[in-house]
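Read through the structure below, which is laid out as structure tokens, and then see the notes.
Structure follows, in structure tokens:
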């Protein structure tokens, strides 16, 4: 079991930046991948970015060049730096830990980008 707690969400104007952080209750070193997903009202949850245990990253096309995911195994955290935010980035952002056989989710943090 692991608990994931997100922080860093809020209200920002278009073009602004936010940094989300996900703190895990135990070591994340063994997880196959850590990721950030988002869900906007009326839409399905979608992958934003993920990072493997080896450090390989994957991004949704719509955030490439604007968002950066990073993980700190020593601090058991996964961060998402979001720059050049757009109104369409508004959503609840959830942290995910994938252990192949099981995955864990945080409760999410709201990001709202005003135009």
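In the numbering used here, the protein residues as written are 20 to 134. For glycine and all other residues, C-beta sits at the position ideal for the given N, C-alpha and C.
{"Check": "Among 48, 20, 21, 29, nearest to residue 131 - alpha-carbon criterion", "Outcome": "29"}
{"Check": "Contact under 8 Å by Cβ, residue 129 with residue 38", "Outcome": "no"}
{"Check": "Straight-line gap, residue 123 to residue 96 (C-alpha atoms, nearest Å)", "Outcome": "14 Å"}
{"Check": "Simplified DSSP state of residue 91, which is helix, strand or coil", "Outcome": "strand"}
{"Check": "CA-to-CA distance, residue 21 to residue 48, given in whole angstroms", "Outcome": "12 Å"}
{"Check": "Helix, strand or coil at residue 82 [DSSP, three-state]", "Outcome": "helix"}
{"Check": "For residue 134, the nearest candidate out of 116, 89, 115, 103 (CA to CA)", "Outcome": "103"}
{"Check": "Straight-line Cα distance separating residue 56 from residue 15", "Outcome": "No answer is possible for residue 15: the residues shown for the chain start at 20 and end at 134."}
{"Check": "DSSP three-state assignment for residue 98, whether helix, strand or coil", "Outcome": "strand"}
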